[in-house]
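Here is the structure we will look at, set down as structure tokens.
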Amino acid sequence: MLVEAGHFALALALGLSLIQFIVPLWGARANDPVLMAVAPAGALAVLACIAFSFVALTFAYLNSDFSVLNVVQNSHSAKPLIYKISGVWGNHEGSMLLWVLILALFGGVVALARDSVPMRLQANTLAVQAAITIAFLLFILTTSNPFTRVLPAPMEGQDLNPLLQDPGLAIHPPLLYIGYVGFSISFAFACAALIDGRIDAVWARIVRPWTLGAWAFLTLGIAMGSYWAYYELGWGGWWFWDPVENASLMPWLAGTALVHSTVVMEKRDALKVWTILLAILTFSLSLLGTFLVRSGVLTSVHSFAVDPERGTFILGILILFIGGSLTLFAWRAPMLKQGGLFAPVSREGALVLNNLFLATACATVFIGTLYPLALEVLTGEKISVGAPFFNFTFLPLIVPLLLLLPLGQTLAWKRGNFLGTAQRLYAVFGVAILASLAMLAFQHGGPVAAPLGIGLGIYLVLGSLNEIVTRSWSRGTPLSVAWRKARGLPRSTWGAAIAHAGVGLTVIGIAATAWGVETIGSVRPGERLSAGDYEVRLERVIPRVEANYRDDVAILTVFGSGRELGTIETMKRLYVTRGMPTTEAGIMTVGLGQVYASIGEVQADGSIGMRLYYKPLVLLIWIGSLVMAAGGGLSLTDRRLRIAAPARAKAVPPSAVPAE
Amino acid sequence: MRFVLALVAALVLGGSAFAVQPDEVLKDQTLEKRAREISAGLRCLVCQNQSIDDSDAQLAKDLRILVRERLVAGDTDEQVHTFLVQRYGEFVLLKPTFGAHTLLLWLTPALVLILGGIGAYAALRRRPQNATAVLDADEEKKLAELLKRDQV
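Chains as they are written, first to last, in my numbering: chain A, 310 to 969; chain B, 2 to 153.
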């Protein structure tokens with residue numbers, strides 16, 4: 310009964326979304342506050358319906374209701390409770406439901422931010438949001454209904470894909486979706502501004518927290534996914550340039566550019582048209598990502614034809630929203646007035662350069678991901694574009710961007726002094742170069758990339774700190790005064806510095822992978838295998854039986870420079886229901902590095918194949934991402950960006966910032 | 002978003018062991034290192050975007066052994082690539098060759114960067130003229146009045 314109610318609530322949400330789409334749009338045109346007020350009410354009602362529907366599906370999973378097809382296909386009564394919950398979104402239908410739930414949640418928050426968003430803007434924004442909701446609800450109801458019943462109901466479910474039975478699944482998709490879908494708000498605000506034909510710094514101030522929040526969540530989601538792949542897939546890699554990963558990287562790159570261009574717009578009332586375009590593009594790339602992953606077109610052009618209904622539907626949504634918004638942009642953007650002026654060498658100029666590099670990097674990932682597909686469709690020729698291509702093209706775009714980052718961060722607004730700025734950074738640059746040289750000398754002909762990359766990372770971290778130091782301390786200032794000054798700096802300044810330092814940490818982690826050691830060998834109990842300064846001894850292999858899987862556990866003792874550090878377990882796991890084997894890596898964290906072991910099959914002579922890695926500083930890759938997201942989060946708490954703050958700020962007309 | 006990758010990996014993992022196996026490793030370390038580097042650039046033809054170095058599929062194993070056999074027989078890296086492309090087509094290379102069919106692929110990054118740079122520069126140059134607001138007739142009249150009043 311609850312299942313049918315959930316299905317009905319979804320249909321009801323569709324009807325309510327239609328109202329939320331049409332009435333406020335009309336109200337905004339007719340300037341009728343009563344009609345415009347339908348928008349927030351509608352958004353909250355839609356949220357309530359979709360939330361109910363999601364809860365209904367969750368209950369079906371919790372109760373192992375095998376009369377529901379979706380539960381049968383993705384659950385099992387013996388599955389641990391946490392995976393019964395996370396299994397709700399561990400499949401196509403459920404994940405789409407999560408997608409619209411988050412969409413509705415964002416709509417609800419915009420609806421509640423009544424005081425901070427001007428009424429017309431809110432009405433138009435929620436109308437655009439409703440349009441997206443309608444499209445995806447139609448998609449779910451017509452092609453991907455999670456509430457379909459089976460008759461007769463089977464006794465037992467088919468279990469969730471073993472690789473997804475991991476805490477990673479509980480966290481990764483929601484984070485990623487909050488990021489993806491969060492950009493729909495920036496998109497909706499951009500369309501609303503275009504519909505209204507008006508845009509100013511107030512708009513930027515309202516939109517910036519949403520963009521920043523979405524960006525921070527997307528950062529976390531991608532980092533989480535990367536770490537999950539690292540420990541679950543057992544190859545020790547952390548980024549594979551897989552099309553599915555690229556699908557999330559593209560909106561991240563565009564979103565990063567957007568976060569930066571909104572700063573220019575908010576502070577200097579410039580780059581308006583570009584910011585609007587970027588907001589549209591970022592969400593378009595989120596939609597594209599959803600399409601690429603959900604349609605199956607990536608796996609093969611042919612699988613698209615096998616399940617044409619879903620793929621074509623999302624393709625339709627894609628064309629409708631991207632085409633529609635770009636048409637709106639082409640029609641309305643010329644009417645937008647340009648704002649503040651700046652010299653090429655200035656903070657604005659540096660941020661334009663930042664946007665140029667990020668946009669190019671995004672275009673590179675885009676063409677690399679879609680080119681093989683397009684080529685096959687057009688000429689039938691089959692080529693592969695993989696990691697070597699991306700490493701070759703992506704790095705030359707990112708390295709200059711990173712080199713410019715501390716410089717740009719230090720430049721003054723409007724008109725900067727390049728030499729003066731460079732002078733403020735010479736100590737940072739010097740330390741980074743010295744560190745690189747020292748490492749080069751010390752490592753006796755190891756990979757050159759590692760010291761250079763780590764030097765770059767150090768330069769980024771110190772450059773960010775330098776920003777805080779030079780803004781609060783000058784020669785002769787007592788430390789206590791400097792500390793008070795530093796604490797008095799806006800939170801967004803701190804947030805930017807921390808996020809940029811996070812980039813540096815990630816760069817260090819990535820560069821240090823060049824120092825990683827890998828050993829492949831076969832070992833018998835009592836024998837040892839070594840990688841660099843680390844060594845493991847295989848103690849024994851024992852079988853272990855759990856509720857829904859069986860393990861062959863290899864117990865390893867880890868030695869570092871001859872000293873015993875402890876034991877780790879690595880497993881060959883067999884999920885009984887699906888008869889599917891997986892590898893569970895054994896990982897020991899030593900400082901910021903990790904000793905990583907995974908085993909293969911037991912061979913005929915009783916030995917067991919093993920891969921052993923030592924990965925120095927590898928944790929910095931993800932710690933850096935966490936720091937980036939934390940920096941974004943800290944910026945969000947800035948007084949100026951708090952949801953209620955813009956109401957006060959509105960009193961100051963945007964033109965108060967003097968133009969040159 | 003990783004479901005597909007995970008799913009594919011799961012399918013690939015099914016029934017076999019893991020990537021490079023101990024018995025495949027060559028005794029000669031320089032040759033082995035070259036073999037690993039070449040393998041990382043070759044696509045496992047039955048997998049989704051995996052190199053043969055990472056893949057557990059039987060075909061990937063066969064290709065890894067093939068690469069090592071060629072290297073032991075004295076082939077250069079280039080010859081190994083040519084041999085594999087002749088046998089399996091360009092699909093096997095994870096980094097496509099530069100040619101008429103991949104022109105757009107290879108040139109897009111540079112084109113976007115250069116055209117974007119020119120566009121941004123042009124927009125910056127053009128701005129100063131745009132920004133001077135032009136007064137309409139009414140405003141001109143008002144301004145003239147105000148100025149006149151000042152002179153009095």
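The beta carbon of each residue, even a glycine, is placed where N, CA and C say it ideally should be.
One Cα belongs to S783 of chain A, the other to R724 of chain A, and the distance between them is close to 22 angstroms. When DSSP reads this structure, R887 of chain A sits in no beta bridge, so it has no partner. With a threshold of 7 angstroms between beta carbons, P709 of chain A makes no contact with chain B.
According to the DSSP secondary-structure assignment, V47 of chain B is paired through a beta bridge with no residue.
Ranked by Cα distance from R887 of chain A, the first of A:L325, A:M345, A:K576, A:S384 is A:S384.
By DSSP's assignment, K924 of chain A forms a beta bridge with A:Q903. Scanning its chain for C-beta atoms nearer than 6 angstroms, with the 5 sequence neighbours on each side dropped, one finds around G717 of chain A the residues A659, in chain order.
Within the same chain, G543, T879, T892, A894, R920 come within 6 angstroms of S907 of chain A by CB-CB distance, once the 5 residues on both sides are set aside.
Taking a contact as a CB-CB distance under 8 angstroms, the pair G902 of chain A and V816 of chain A does not count as one, their CB atoms being some 16 angstroms apart. At a beta-carbon threshold of 7 angstroms, the residues of chain A lying near A121 of chain B are V661, L665, ordered along the chain. Runs of beta strand (DSSP E) with 3 or more residues, each lying fully within the segment 440-516 of chain A, are absent.
Judged by their CB atoms, R833 of chain A and S916 of chain A are nearer to each other than the 7 angstroms cut-off. In the structure shown, the three-state DSSP call for T898 of chain A is strand. Rounded to whole angstroms, the separation of the alpha carbons of D63 of chain B and E70 of chain B is 10 angstroms. Per DSSP, reduced to three states, the secondary structure at T786 of chain A is coil, with no helix or strand assignment. Counting only residues of its own chain and dropping the five nearest sequence neighbours on each side, L325 of chain A has a CB closer than 7 angstroms to the CB of G351, A354, V355, C358. Closest in C-alpha terms to G875 of chain A, from the list A:D860, A:L601, A:V845, comes A:V845. Contact between the segment 554-561 of chain A and the segment 519-533 of chain A is present, with at least three C-beta pairs closer than 8 angstroms. The Cβ-Cβ distance between F375 of chain A and A462 of chain A falls below 7 angstroms. A residue is called buried once 16 or more other Cβ atoms fall within 10 Å of its Cβ, and L814 of chain A is buried on that count.
One finds nothing in chain B with a Cβ atom closer than 7 angstroms to the Cβ of E878 of chain A; even the nearest lies about 17 angstroms away.
By the CB criterion at 7 angstroms, L627 of chain A and S944 of chain A fall outside the cutoff.
Taking 7 angstroms as the CB threshold, F698 of chain A lines the interface with chain B. Distance from the CA atom of G620 of chain A to the CA atom of F600 of chain A, rounded to whole angstroms, is 7 angstroms. The Cβ of A672 of chain A sits closer than 7 angstroms to at least one Cβ of chain B. Taking 7 angstroms as the CB threshold, K691 of chain A lines the interface with chain B. Taking C-beta atoms under 8 angstroms as the contact rule, W824 of chain A and P890 of chain A fail to qualify, at a distance of about 32 angstroms. For a Cβ distance threshold of 8 angstroms, residue set P110, L114 of chain B lies close to L706 of chain A, ordered along the chain. Sequence-distant Cβ neighbours of N663 of chain A in its own chain, meaning closer than 8 angstroms and more than five residues away, are A566, H569, L710, L713, L714, G717.
Sequence-distant Cβ neighbours of L72 of chain B in its own chain, meaning closer than 7 angstroms and more than five residues away, are L32, R35, A36, V81. Contact of S831 of chain A with chain B by beta-carbon distance below 7 angstroms involves P23. For F868 of chain A, the uninterrupted beta strand (DSSP E) run begins and ends at 858-869, by DSSP. Sorting A:G804, A:T828, A:R517 by C-alpha distance to the C-alpha of K924 of chain A places A:T828 at the top. Contact annotation: A588 of chain A and A696 of chain A have beta-carbon atoms that are not nearer than 7 angstroms. Taking the CA atoms as reference points, L743 of chain A sits about 41 angstroms from V68 of chain B. Between A639 of chain A and L594 of chain A, the CB-CB gap reaches or exceeds 7 angstroms.
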